[in-house]
Structures are given as C-alpha cells and as structure tokens.
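Here is the structure we will look at.
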Amino acid sequence: MTRKASIIGGGVIGGGWAARFLLNGWDVSVFDPDPQAERKIGEVLANARRSLPALSDVPIPAEGRLSFAASIAESVEGADYIQESVSERLPLKHRVFAEIQAVAKGVPIGSSTSGFKPSELQEGAADPSTIFVSHPFNPVYLLPLSEIVPSPKSDLQIIENAKEILREIGMFPLHVRKEIDAHIADRFLEAVWREALWLVKDGIATTEEIDEAIRMGFGLRWGQMGLFETYRVAGGEAGMKHFMAQFGPCLQWPWTKLTDVPEFTEELVDLIAGQSDEQSGKYTIRELERIRDQNLIGFLRALKDRNWGAGKVLLDHDKRRSAAFHEAGKTGAGAPLAMAEMQVLPGWIDYNGHMTESRYLFASSETSDAFLRLIGADMDYVAKGHSYYTAETHIMHLGEAKLGDRLTGTLQVLHADEKRLHVFIRILRGDEVVASLEQMLLHVDMKAGRTCPAAPEVLAKLLPIAEAHGSLPRPAAAGRFVGQRK
Ligand SMILES: NC(=O)c1ccc[n+]([C@@H]2O[C@H](COP(=O)([O-])OP(=O)(O)OC[C@H]3O[C@@H](n4cnc5c(N)ncnc54)[C@H](O)[C@@H]3O)[C@@H](O)[C@H]2O)c1
Numbered sequence: 131m132t133r134k135a136s137i138i139g140g141g142v143i144g145g146g147w148a149a150r151f152l153l154n155g156w157d158v159s160v161f162d163p164d165p166q167a168e169r170k171i172g173e174v175l176a177n178a179r180r181s182l183p184a185l186s187d188v189p190i191p192a193e194g195r196l197s198f199a200a201s202i203a204e205s206v207e208g209a210d211y212i213q214e215s216v217s218e219r220l221p222l223k224h225r226v227f228a229e230i231q232a233v234a235k236g237v238p239i240g241s242s243t244s245g246f247k248p249s250e251l252q253e254g255a256a257d258p259s260t261i262f263v264s265h266p267f268n269p270v271y272l273l274p275l276s277e278i279v280p281s282p283k284s285d286l287q288i289i290e291n292a293k294e295i296l297r298e299i300g301m302f303p304l305h306v307r308k309e310i311d312a313h314i315a316d317r318f319l320e321a322v323w324r325e326a327l328w329l330v331k332d333g334i335a336t337t338e339e340i341d342e343a344i345r346m347g348f349g350l351r352w353g354q355m356g357l358f359e360t361y362r363v364a365g366g367e368a369g370m371k372h373f374m375a376q377f378g379p380c381l382q383w384p385w386t387k388l389t390d391v392p393e394f395t396e397e398l399v400d401l402i403a404g405q406s407d408e409q410s411g412k413y414t415i416r417e418l419e420r421i422r423d424q425n426l427i428g429f430l431r432a433l434k435d436r437n438w439g440a441g442k443v444l445l446d447h448d449k450r451r452s453a454a455f456h457e458a459g460k461t462g463a464g465a466p467l468a469m470a471e472m473q474v475l476p477g478w479i480d481y482n483g484h485m486t487e488s489r490y491l492f493a494s495s496e497t498s499d500a501f502l503r504l505i506g507a508d509m510d511y512v513a514k515g516h517s518y519y520t521a522e523t524h525i526m527h528l529g530e531a532k533l534g535d536r537l538t539g540t541l542q543v544l545h546a547d548e549k550r551l552h553v554f555i556r557i558l559r560g561d562e563v564v565a566s567l568e569q570m571l572l573h574v575d576m577k578a579g580r581t582c583p584a585a586p587e588v589l590a591k592l593l594p595i596a597e598a599h600g601s602l603p604r605p606a607a608a609g610r611f612v613g614q615r616k
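This is the structure:
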C-alpha cells in the first residue's frame, strides 16, 4: 500500500523532501501558507525528476501523488512520516509541533532544523518522544545524508523506524549519538565558512579564489573519503599516527581565526555579494541548480561504480528496490521495463552533431546490463564464472539523438528459456523511439567456453518477467531483417 509523508513547510528543503518521497513512490501532502509554495515545489520537483532517476539502475516505483493541504491537520491526517521544514525560528517550530500532535499521535516527526537541538524542539510538546532532528542537505533529492539526532526523551523505536524509512527513500541516516547545537556537519561547515569570511575580509582571497581552492583540490578528496581517511592516506605507509605526529604541532600555530567572527558590516556584505555576482552572476539560480545536479550525478555515479561512499548507498538502494520489485511480483506486466536513464554527452556526438552510432549500442548495453543486474546476473555472478553474452543484435535508427537529450532505455523480454534471452530494447527521447535494438543473449559458462543453463535463482527472477511480457504486444520491428520494407 502506498504510504504517505506529510511535509510541513515547502521551501528549499521541504520541496526537496517532497520530491524525494514522491519519486520513491510515496504520496506526499504539503502544507505551506505561502501562496507561492505550489510554484516553488513544482520547480524543485522538475529538477528532481530531471536528475534523481539517473542514479537508479533498477525500475523506479511509480511516482506518488502530490497534494497541497489547507491546514497542518489536513496534511498530517493518515501520514506515516512527518517532516517539518518551516523557517528556522524556535517558537514557530513549537507552534507547528503542537498543531501536528493535536491530531497525529505516535507518528515520527523529523525536523530539518540546522541548529536547534532535539531537546529544544521538544520543549512544551504534548509528546516529546516522537520529535527528533532529521537534518538533510540541499539538494535533498540527490544527497543521501540526513543527520538523525534524538534526545534522551526520544523513543528509540520511533528513531529506528524513521531511519529505516529514510533508507527506503535512498538516504543515509547518520545517527548523532549526543545532541549538540548544529549537529556534526554544520559545525564543520561553520568553521570553514568563518575562515573563508576572514580571508575575504582581510583581502587575502576573493570568493572565486576560495571556491577554486576547494573544488580543484581538497573538496574532491572530501567527497570520496572525508577528512580522516584522507589524512590517513596522507600519512603514507606509516598511517595515521605518523600523520598526526607530523602535522599535529602546526595546529598550535595561529593559522586560523578560531571562533572570531568578522562583523557583518554593510561593507563586508557588499564586498562578498559583489565578488559573488562577479564570479557567478552570469548564471541564474535555477541554472546553477541544474549544473550542480548534473555534476552531482556524475560524481555519485562514479562512486556507485566503485561501491564507495555515497555510491554504496545508491547500490544498497538499488538492491532494496530490486528485492521489492521481485517480491511484489511487479514484473513489468503493463509495459516494458524502464531500465536506464542517460544524457547525450559531448563525447557521444559525431561531426553532424548527432549521437554517434556506437553510442546507440552503448545505450542499449546500459539498458540490458541493468536488466541483468535486476535478475541477479550481476558482477558477483560473473565473478563466479557465468554470464550472458550477446550473440546477435539488430539495430534500427528511427530518430536522431542530439547533445543534451535525455534518453530512457526500456527492455521487453520477447522470449526466455534456460539458456536464451531474447530482448527488444527501445531507446526513447520522451515518448519518441530514437532507436530500437533486438538482441539474442546466450547464457554461458565462461570457463568451459560454452552455453549452459542459467542458475535457478536467476531463472526464478527472469521467467516470471518473460511470462508477464508475453502479454505485451509484440513490437512490429521484432524479427525484421536488414533492408526489409517498413
Ligand atoms: N537551506 C538549507 O540549505 C538548509 C539545509 C538543511 C536544513 N535547513 C533547515 O530547513 C528548514 C527550512 O529551511 P529552508 O531553507 O527550506 O527555508 P525556506 O525559507 O526556503 O522555507 C521555509 C518555508 O516554511 C514556510 N512556513 C513558514 N511558516 C510556516 C507554517 N506555520 N507552516 C508551514 N510552513 C511555514 C515558509 O512559507 C517557507 O516556504 C530550517 O529549519 C533550516 O534550518 C536548511
């Protein structure tokens, strides 16, 4: 049964939560008194639809239903999870919790607060045990982290349930064991932000130079290994102890400004805003958001290929979805399976500005690889000596994909038995089929170098899909020979 999330406060962060729940198949009800809320959420959702599906290699659930409630009571009615993301003012958050708890009893209430401790949020609440911090990062629909901070009054079962819900929507709940102002990540960011403000104020560096210092170097390291693992490597073979002995003493030197904060005079604000305009004013905020999202997808996919850091969270999420897909018997009965989302990149283009021929095959193999993972014929299976090999491909070019086009690869099983897998792949731009590929794959024992029956657990997943696809209309192009008239 579709579950319901209630999102109270639909700004930048609430919109991101709404998009993440919706695209993971939950129904979402938003309450926000701002008359612009619907438009703003629509824009966040458009960005999320454009980016989030590109991280998945298994069929994603049908999008949930989005509704806008006229009151908090209406929004939380029947909700399985509530996320509060109203403006960062404690009395406002207290009022909101009181309204929520007047109707919703025992439901987890996560707060997106960047700064308040859970015990502060719980003050005066009818039931403090259900209120906790669930602090996400922008864009919530792409970044997995949410810091989960309970207080001693929290119900630990509610916390565990909430963490499980976050995993289900592809997030990484980081359990912060001791409550503290601004949790873990923002304390860290505050220190960096303070230091950066001093560097600008003291005329050492511009906003752009500071950003280059981050994104050309240590920012890339942080994104994949964080701080301690990076420093461990920096210590060389002698490791962490050596690193600390070597660089520890310089922490005593007065390099940093510690907790001194430059005064936010008009002059400093103008200086920073002016430099920022010069650095990034050529883009609108929406353009910057899209650039950010596409870059994040590239990073995240690279990490996913390596089963590392945030990429590991994506792989775990795919595994859950794949298990849910098979358990629910959702064998794609009503339609071919949408297996891959891609974008035509500059390196995919030929001298005519069209997607080059080999990339149609690439798009097709991305689609069939994702399908093979779905049925359990994944890299572990290959490592054990079995695989599907492509024996034959017939490709029809029906349209011209161009730079930047978003493509979806769908797969329909035409026939499958113990050794053979006959598929029809469509590469779509929106609803238009730009190419179709018919393929015969054979299951092989790689060591023996000959075909053999697929493992029973693979067949147990493949054959129900083949049976369900048997009721789909056979594609007109299936079985065509080269040169056949249309
Ligand atoms: N912006 C970030 O990067 C970021 C990151 C993590 C967490 N947060 C936290 O998320 C929360 C929201 O921040 P934001 O950046 O989305 O702010 P925002 O200003 O974009 O959105 C806040 C929304 O709350 C709505 N609101 C105000 N009163 C309300 C009420 N009584 N009921 C329902 N909605 C109400 C406003 O209309 C507005 O749309 C804050 O607690 C903030 O600390 C922000």
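Each residue of the sequence shown is one higher than the one before, counting from 131 in the working numbering. Just so it is clear, CB atoms sit at the ideal spot from N, CA and C, and this is done for glycine as well.
Identify the residues that DSSP records as bridge partners of His265: which are they?
-> In the sequence shown, residue 265 corresponds to position 135, counting from 1. Glu277.
If you run the structure through DSSP and keep just helix, strand and coil, what is Leu572?
-> As a working note, residue 572 is residue 442 in the sequence shown. If DSSP states are grouped into helix, strand and coil, Leu572 belongs with the strands.
Using a threshold of 8 Å, state whether the C-beta atoms of Gly208 and Lys134 are closer than that.
-> Numbered from its first residue, the sequence shown carries residue 208 at position 78. Numbered from its first residue, the sequence shown carries residue 134 at position 4. It is a contact, given that the beta carbons lie within the stated cut-off.
From the DSSP output, in three-state form, read off Glu204 for me.
-> In the sequence shown, counting from the first residue as 1, residue 204 sits at position 74. Reduced to three states, the DSSP call for Glu204 is helix.
Could you check the C-alpha separation between Met570 and Tyr511 for me, to the nearest Å?
-> If you number the sequence shown from 1, residue 570 lands on position 440. If you number the sequence shown from 1, residue 511 lands on position 381. Each residue's alpha carbon lies about 19 Å from the other.
Exposed or buried, Phe611, counting other C-beta atoms within 10 Å across all chains shown (16 or more means buried)?
-> Residue numbering aside, residue 611 sits at position 481 when the sequence shown is read from its first letter. With fewer than 16 other Cβ atoms within 10 Å, it is exposed.
DSSP on Pro379, reduced to helix/strand/coil?
-> As a first step, residue 379 is located in the sequence shown; it is residue number 249 there, counting from the start. If DSSP states are grouped into helix, strand and coil, Pro379 belongs with the helices.
Gly439 versus Gly349 - alpha carbon distance | In the sequence shown, the residue the question calls residue 439 occupies position 309. In the sequence shown, the residue the question calls residue 349 occupies position 219. Between the C-alpha atoms of Gly439 and Gly349 there is a straight-line separation of about 14 Å.
Kindly identify the DSSP beta-bridge partner or partners of Arg416.
-> For the purposes of this step, residue 416 is taken as the residue at position 286 of the sequence shown. The secondary-structure analysis by DSSP pairs Arg416 with nothing; it has no beta-bridge partner.
Looking at the C-beta of Arg604, does it have a partner C-beta in chain C at a distance below 8 Å?
-> In the structure shown, chain C cannot be found, because there is only a single protein chain.
Work out the CA separation of Ala470 and Ala184 for me, nearest whole Å.
-> Counted from its first residue, the sequence shown places residue 184 at position 54. Counted from its first residue, the sequence shown places residue 470 at position 340. If you take the alpha carbons of Ala184 and Ala470, they lie about 7 Å apart.
Burial state of Lys616, where buried means 16 or more other Cβ atoms lie within 10 Å = For this step, residue 616 is matched to residue 486 along the sequence shown. Answer is exposed; the Cβ neighbour count stays below 16.
Jot down the residue ranges of each uninterrupted beta strand (DSSP E) in the region 521–550, minimum 3 residues, whole runs only, in chain order.
-> Whole beta strand (DSSP E) segments, 3+ residues: 536–546.
Helix, strand or coil: how does DSSP classify Asp257 here?
-> Reading the sequence shown from its first residue, position 127 is the one you call residue 257. Three-state result, Asp257: coil.
For the region 461–503, list the alpha helix (DSSP H) runs that are entirely contained and at least 4 residues long, ordered along the chain.
-> none
Pairwise C-alpha distance: Glu562 and Asp508 | Indexing the sequence shown from 1 puts residue 508 at position 378. Indexing the sequence shown from 1 puts residue 562 at position 432. Linking Asp508 to Glu562 through their CA atoms gives a straight-line distance of about 30 Å.
Is the beta carbon of Gly300 less than 8 Å from the beta carbon of Asn177?
-> The residue given as residue 300 occupies position 170 in the sequence shown. The residue given as residue 177 occupies position 47 in the sequence shown. Going by C-beta atoms, Gly300 is not nearer than 8 Å to Asn177.
Sorry if obvious, but does the Cβ on Gly140 come closer than 7 Å to a heavy atom of ligand 3?
-> The ligand content of the structure shown is limited to ligand 1, which means ligand 3 is not among them.
Phe358 - containing beta strand (DSSP E), residue span | Residue 358 sits at position 228 when you count from the first residue of the sequence shown. It is not in any beta strand (DSSP E) - Phe358 instead sits in the alpha helix (DSSP H) that spans Phe358 to Ala364.
Please list, in chain order, all residues of the same chain as Leu327 whose beta carbon is under 8 Å from its beta carbon, the five residues on each side excluded.
-> Numbered from its first residue, the sequence shown carries residue 327 at position 197. Only Val391, Pro392, Leu398 and Ile402 meet the Cβ criterion.
Tell whether a beta-carbon distance below 8 Å holds between Val474 and Asp535.
-> Locating residue 474 in the sequence shown gives position 344, counting from the first residue. Locating residue 535 in the sequence shown gives position 405, counting from the first residue. Taking the C-beta atoms as reference points, Asp535 is found nearer than 8 Å to Val474.
So Gln619 and Thr337 are in contact, right, with Cβ under 8 Å, and what is the actual spacing, rounded?
-> Residue 619 cannot be examined here, being either before or after the span of the chain that is shown, 131 to 616.
Simplified DSSP state of Tyr511, which is helix, strand or coil | The residue you call residue 511 lines up with position 381 of the sequence shown. It is helical.
Confirm, please, whether the CB-CB distance from Gly365 to Phe358 is below 8 Å.
-> Sequence index remark: in the sequence shown, residue 358 carries index 228 (1-based). Sequence index remark: in the sequence shown, residue 365 carries index 235 (1-based). For Phe358 and Gly365, no; Cβs fall outside 8 Å.
Distance between Ala192 and Phe246 (C-alpha atoms, nearest Å) | Position 116 of the sequence shown, counting from 1, holds the residue named residue 246. Position 62 of the sequence shown, counting from 1, holds the residue named residue 192. Near 35 Å, if we compare the C-alpha coordinates of Ala192 and Phe246.
Just the C-alpha distance for Pro605 and Leu567, rounded to the nearest angstrom, thanks.
-> Translated into positions along the sequence shown, residue 605 becomes position 475. Translated into positions along the sequence shown, residue 567 becomes position 437. Whole-angstrom Cα-Cα distance: 11 Å.
CB of Val391 to nearest heavy atom of ligand 1: below 7 Å?
-> In the sequence shown, residue 391 corresponds to position 261, counting from 1. Outside the cutoff, so no.
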